[in-house]
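Below, the structure is given as structure tokens:
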């Protein structure tokens with residue numbers, strides 16, 4: 171008779187050992203699969219690049235592309251000339267700013283030399299010098315103004331005003347003179363050898 175032992179089924183059975191050749195075969199299959207996937211990706215990427223190359227070659231031969239290329243070259247040349255013009259304008263702008271600074275300094279010096287009761291109606295700067303026009307209540311104030319300008323080393327010239335009597339208490343005058351360029355603060359440092 172057969173022994174009925176119900177616990178035999180619950181006994182742990184020894185696991186069968188996997189042969190090393192199975193591991194080698196599994197690794198070889200995984201490597202082959204990885205190599206196949208990488209090869210497929212490279213081939214598909216290469217096909218896409220070849221198609222892109224063909225499309226670019228076709229677009230190079232199109233007349234519209236050649237016109238666009240020539241237009242781009244023309245625009246690039248225009249940009250270069252515009253940049254050169256901008257640099258020239260910046261230099262001119264700097265000179266204008268320096269000229270304004272000089273004009274403001276000269277106006278301040280003229281204002282310092284002007285007596286209280288004398289009015290200057292216009293000041294114009296030229297390459298040759300300064301032209302002043304104004305009014306006064308008497309000739310003595312015009313003479314004092316001319317004397318004060320003559321005392322300033324920056325102003326040179328004959329300092330002979332042209333005076334016209336407008337009415338009993340009012341005279342108009344014009345005066346022309348030349349000037350030496352005032353030294354700006356940065357130039358003073360360079361002239362003194364400091365800095």
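Residue numbers (our numbering): 171 to 365. Don't be surprised by glycine CBs; every beta carbon is placed ideally from N, CA and C. As the structure is a prediction and not an experimental result, all values here were calculated from the model.
* To do: Going by CA-CA distance only, name the one from 333, 319, 265 and 255 that's closest to residue 282.
  => Along the chain shown, one-based indexing puts residue 282 at 112. Ranking 333, 319, 265 and 255 by Cα distance to residue 282 puts 319 first.
* Give the DSSP bridge partners of residue 300, in chain order. => For this step, residue 300 is matched to residue 130 along the chain shown. According to DSSP, residue 300 bridges with 295 and 347.
* Ordered list of alpha helix (DSSP H) runs contained in the segment 228-307, each at least 4 residues -> 233-283
* Do residue 335 and residue 315 have their CB atoms nearer than 7 angstroms? -> Here residue 335 refers to the residue found at position 165 of the chain shown. Here residue 315 refers to the residue found at position 145 of the chain shown. For residue 335 and residue 315, no; Cβs fall outside 7 angstroms.
* Quickly, what does DSSP pair residue 326 with across the bridge? List them, please. => The residue you call residue 326 lines up with position 156 of the chain shown. Answer by DSSP bridge pairing, in chain order: 348.
* To do: Note down the Cα distance separating residue 347 from residue 266, rounded to an integer number of angstroms.
  => Residue numbering aside, residue 347 sits at position 177 when the chain shown is read from its first letter. Residue numbering aside, residue 266 sits at position 96 when the chain shown is read from its first letter. In a straight line, the C-alpha of residue 347 is about 22 angstroms away from that of residue 266.
* To do: Work out the CA separation of residue 295 and residue 273 for me, nearest whole Å.
  => Along the chain shown, read from residue 1 onward, the residue named residue 273 stands at position 103. Along the chain shown, read from residue 1 onward, the residue named residue 295 stands at position 125. A straight line joining the alpha-carbon of residue 273 with that of residue 295 spans about 8 angstroms.
* Could you tell me how far apart the beta carbons of residue 291 and residue 299 are, in whole angstroms, since I believe they sit closer than 8 angstroms? => Residue mapping note: residue 291 aligns to position 121 of the chain shown, counting from 1. Residue mapping note: residue 299 aligns to position 129 of the chain shown, counting from 1. With 8 angstroms as the limit, residue 291 and residue 299 do not qualify as a contact, their Cβ atoms being about 18 angstroms apart.
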